[in-house]
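S.K.:
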Amino acid sequence: MKAVFVNGSPRKAWNTATLLQEAQKGAADVGADTEFIHLNDYTYKGCQSCFACKLKDNQTNGICAVRDDLKPILERIMEADVLVLGSPIYFDNMTAEMLAFYERLLFPVLNYKVPVDGKMVRTLPKTKKVGMIFTMNCPAHEMEKVSYTKSLPKIVKKLGMLLSDEEASELYSCNTWQFTDYSKYDVNMFDVEDRARQKEEVFPLEMKKAYEMGKELVRKAGEK
Ligand SMILES: Cc1cc2nc3c(=O)[nH]c(=O)nc-3n(C[C@H](O)[C@H](O)[C@H](O)COP(=O)(O)O)c2cc1C
24 MKAVFVNGSP RKAWNTATLL QEAQKGAADV GADTEFIHLN DYTYKGCQSC
74 FACKLKDNQT NGICAVRDDL KPILERIMEA DVLVLGSPIY FDNMTAEMLA
124 FYERLLFPVL NYKVPVDGKM VRTLPKTKKV GMIFTMNCPA HEMEKVSYTK
174 SLPKIVKKLG MLLSDEEASE LYSCNTWQFT DYSKYDVNMF DVEDRARQKE
224 EVFPLEMKKA YEMGKELVRK AGEK
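The working numbering numbers the first residue of the sequence shown as 24 and each following residue consecutively.
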């Protein structure tokens with residue numbers, strides 16, 4: 024049983040990475056072989072619109088044809104049973120590195136074909152149990168106002184639709200601790216006390232949720 028965890032934050036030990044590492048621990052504790060990938064360590068671009076994956080009789084088998092650092096990673100992910108992606112929100116979206124990765128991961132799986140018996144036609148050698156974790160400055164109670172309650176689940180839904188036989192798990196970590204020392208930065212829009220409380224009280228609960236996510240996805244993958 025193989026489980027892969029992909030960090031879309033350039034920071035290797037902050038909010039997103041921490042939650043993903045908890046998910047990884049959960050997966051490892053129920054026996055999965057795990058791999059953790061920091062996208063920031065690799066050089067790659069988003070989908071190049073080459074359409075090699077859409078050619079008649081192409082042999083890409085759901086893996087992007089572009090040869091760069093992502094190719095071997097995508098090959099390993101396609102063989103995995105569990106996949107969890109994590110990204111901070113940058114300008115209301117995934118980070119650029121996660122978005123480029125997401126395009127390269129999913130476009131080769133997506134087919135421009137009419138559904139057969141109501142089922143989407145995919146090029147997917149192995150279905151997976153999948154999850155996604157987002158971290159953000161936005162407080163939970165403001166997610167609706169900035170449309171995150173609609174836009175972010177859409178990203179998660181597509182991941183599930185394309186890689187899994189069920190909906191993807193999701194975790195949203197809001198109001199995150201962004202700087203080591205807020206007093207050093209020229210910013211005044213944050214309620215630092217509230218954030219400190221969030222860090223001490225809420226983030227540990229989210230770590231537990233991430234742990235359970237990793238565990239549960241592996242457990243479900245084992246039921247196949
Ligand atoms: C370039 C940049 C853009 C950001 N844009 C948003 C945003 O649009 N909405 C939001 O809620 N947080 C935004 N943030 C805050 C991050 O999403 C938040 O600090 C996140 O938890 C960082 O993840 P990390 O600690 O794993 O690096 C932004 C941060 C950066 C650096």
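Using N, Cα and C, we set each Cβ at its ideal position, and we do this for glycine too.
1) Can you pull every residue whose C-beta falls closer than 5 Å to some heavy atom of ligand 1, listed in chain order?
2) Can you tell me whether Ala104 is buried or exposed, with buried defined as 16 or more other CB within 10 angstroms of its CB?
3) Let me check one thing: in DSSP terms, what residues is Ile156 bridge-paired to?
4) Are the CB atoms of Thr41 and Ala50 within a distance shorter than 7 Å?
5) Within a Cβ cutoff of 8 Å, which residues of the same chain sit near Leu43, ignoring the five residues on either side of it in sequence?
6) Gly183: buried (16+ other C-beta within 10 angstroms of its C-beta) or exposed?
7) Output needed for Met121: all residues of its chain with C-beta closer than 6 Å, excluding positions within five of it in sequence on either side, in chain order.
8) Can you tell me the Cα-Cα spacing of Asn134 and Lys207, whole angstroms?
9) Scan the segment 47-92 and note each continuous beta strand (DSSP E) run of 3 residues or more that stays entirely inside, going in chain order.
10) Given 8 Å as the limit, is there contact between the segment 86-101 and the segment 125-140, that is, 3 or more CB pairs closer than that?
11) Contact between the segment 78-88 and the segment 145-163 is defined here as three or more beta-carbon pairs at a separation below 8 Å; is this criterion met?
12) Return the chain-ordered list of same chain residues with a C-beta closer than 8 Å to the C-beta of Val241, the five sequence neighbours on each side being excluded.
13) Do the CB positions of Thr172 and Thr39 come within less than 7 Å of each other?
14) Can you tell me whether Met117 is buried or exposed? The criterion is at least 16 other CB atoms within 10 Å of its CB, across all chains shown.
15) Taking DSSP as the reference, what is the three-state secondary structure of Leu133?
16) Straight-line CA distance for Asp64 to Ile96?
17) Go ahead and label Glu223 buried or exposed: buried means 16 or more other beta carbons lie within 10 angstroms of its beta carbon, across all protein chains shown.
18) Use the C-beta contact count for Val169: other C-beta atoms within 10 angstroms, 16 or more gives buried, fewer gives exposed.
19) Given a threshold of 16 other Cβ atoms within 10 Å of its Cβ, counted over all protein chains shown, does Leu228 qualify as buried or as exposed?
20) Within the continuous alpha helix (DSSP H) that includes Val215, where are the two ends?
M.R.: If we stick to the structure as given:
1) Ser32, Arg34, Trp37, Asn38, Thr39, Pro111, Ile112, Tyr113, Phe114, Asp115, Thr158, Met159, Asn160, Cys161, Thr199 and Gln201
2) Sequence index remark: in the sequence shown, residue 104 carries index 81 (1-based). Strictly speaking, residue 104 in this sequence is Asp, with Ala absent from that position. Its Cβ being crowded by 16 or more others within 10 Å, Asp104 is buried.
3) Within the sequence shown, residue 156 is the residue found at index 133, counting from 1. Ile156 is bridged to Gly109 and Leu194.
4) Along the sequence shown, read from residue 1 onward, the residue named residue 50 stands at position 27. Along the sequence shown, read from residue 1 onward, the residue named residue 41 stands at position 18. Not a contact, by the Cβ cut-off of 7 Å.
5) Mapped onto the sequence shown, residue 43 falls at position 20. Answer for Leu43: Phe28, Val29, Asn30, Phe59, Val107, Gly109, Ile156 and Ala233, listed in chain order.
6) Position 160 of the sequence shown holds residue 183. Buried, by the Cβ-count rule.
7) Position 98 of the sequence shown, counting from 1, holds the residue named residue 121. Gly31 and Ser110, listed in sequence order.
8) Locating residue 134 in the sequence shown gives position 111, counting from the first residue. Locating residue 207 in the sequence shown gives position 184, counting from the first residue. Roughly 50 Å separates the two Cα atoms.
9) 56-61
10) yes
11) yes
12) Position 218 of the sequence shown, counted from the first residue, corresponds to residue 241. For Val241, where only same-chain residues beyond five positions count, the Cβ hits under 8 Å are Met24, Ala26, Gly49, Ala50, Val53, Gly54, Ala55, Asp104, Val105 and Lys152.
13) Taking the first residue of the sequence shown as position 1, residue 172 is located at position 149. Taking the first residue of the sequence shown as position 1, residue 39 is located at position 16. No; because the gap between Cβ atoms is not below 7 Å, this pair is not in contact.
14) For the purposes of this step, residue 117 is identified with residue 94 of the sequence shown, where counting begins at 1. Met117 comes out buried.
15) Position 110 of the sequence shown, counted from the start, is the residue given in the question as residue 133. Strand, per DSSP.
16) Looking up residue 64 in the sequence shown gives position 41. Looking up residue 96 in the sequence shown gives position 73. Those two C-alpha atoms are separated by around 12 Å.
17) Here residue 223 corresponds to residue number 200 of the sequence shown, with the count starting at 1. With fewer than 16 Cβ atoms within 10 Å of its Cβ, Glu223 is classed as exposed.
18) Taking the sequence shown and counting its residues from 1, the one referred to as residue 169 is at position 146. Val169 should be labelled exposed.
19) Counted from its first residue, the sequence shown places residue 228 at position 205. Burial call: exposed.
20) Here residue 215 refers to the residue found at position 192 when the sequence shown is read from its first residue. Its alpha helix (DSSP H) spans residues Val215 to Arg220.
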